[in-house]
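The structure appears below as structure tokens.
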Amino acid sequence: MNLKLIATMTAMSIFAISCASTHPGRSAKSLNKKFHMPLKVSVQNIDYRFGDPFQLFEVTVENTSDEWVRINKSEVIINNPAQSKMSVVTGNDLVDWAQAMNSRKNKENHNRQMRDIGIITLGTIAAGGSNSSDPIISAVGDSSMIGTTAWAVDEVIRKSLEKAEQSEKTPQNHLYRPFAVPGKMYVRKWVLLNKPSKNRINKLVLELESVEGEKEKYEISM
Numbered sequence: 494m495n496l497k498l499i500a501t502m503t504a505m506s507i508f509a510i511s512c513a514s515t516h517p518g519r520s521a522k523s524l525n526k527k528f529h530m531p532l533k534v535s536v537q538n539i540d541y542r543f544g545d546p547f548q549l550f551e552v553t554v555e556n557t558s559d560e561w562v563r564i565n566k567s568e569v570i571i572n573n574p575a576q577s578k579m580s581v582v583t584g585n586d587l588v589d590w591a592q593a594m595n596s597r598k599n600k601e602n603h604n605r606q607m608r609d610i611g612i613i614t615l616g617t618i619a620a621g622g623s624n625s626s627d628p629i630i631s632a633v634g635d636s637s638m639i640g641t642t643a644w645a646v647d648e649v650i651r652k653s654l655e656k657a658e659q660s661e662k663t664p665q666n667h668l669y670r671p672f673a674v675p676g677k678m679y680v681r682k683w684v685l686l687n688k689p690s691k692n693r694i695n696k697l698v699l700e701l702e703s704v705e706g707e708k709e710k711y712e713i714s715m
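In this note's numbering, the protein residues as written are 494 to 715.
Structural data, given as structure tokens:
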């Protein structure tokens, strides 16, 4: 590999990271006809396995204004939950899920550590992996993406287990906790949904309500 190609791949890596740093997921569209909050919302699926009755999402909320935006209430809108058999996991159920996931992650920890060592060794080559014609490089690139989402899932599990020692219904950084977004900045929240094991959630509707009582609905297709 010549120096020009390495430089190009490094530049592409930096560009890709900068582009994905704020909104790594799918952008939401507002369902409001008139009122719009100065927010840009996106959602990323960070943990899904076929046959699992759970799906974990990371929600990014960006404030495009200069003023603080304070969200008093957030909600995942589920139409006919009895029929769809979908629900947001909170409370003790969230702690039980986190404990079970922690056991699963511990079992997989050795393989992940070995994979991460390979990613660190190859460095910037991994950044261009998914677009590479070399199957080995391509596989490493895909693994780097898996490593990123694995870290996010581990963070969710840790926060959920910390909640077990408190009386709060939802842990820190959960979508259902009130939050504020500083001007021209963004925050990341997460939410876990329970669903039929053979189904994959490919669309979410979120409603955010400000402390002033203003509401806006967002739809995200994934």
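Note that CB positions come from ideal geometry on N, CA and C, so glycine has one too.
| Check | Outcome |
| --- | --- |
| Could you check where the beta strand (DSSP E) with SER577 kicks off and where it finishes? | That residue, SER577, is in no beta strand (DSSP E); its alpha helix (DSSP H) goes 574-577. |
| Which of the three DSSP states is assigned to GLN606 in this structure? | helix |
| Helix, strand or coil: which one does DSSP assign to ASP559? | coil |
| Could you pull the DSSP bridge partners for ILE564 from this structure? | PHE672, SER703 |
| Look up LEU654 in the DSSP assignment and say whether it is helix, strand or coil. | helix |
| Just checking, does the segment 551-569 make contact with the segment 672-688 on the three C-beta pairs under 8 Å criterion? | yes |
| Based on the DSSP output, what are the partners of ARG724 in its beta bridges? | A query on residue 724 cannot be resolved here, the shown segment of the chain reaching from 494 to 715 and no further. |
| When DSSP labels each residue in this structure, what does SER514 get in the three-state scheme? | coil |
| Helix, strand or coil for VAL569? Go by DSSP, reduced to three states. | strand |
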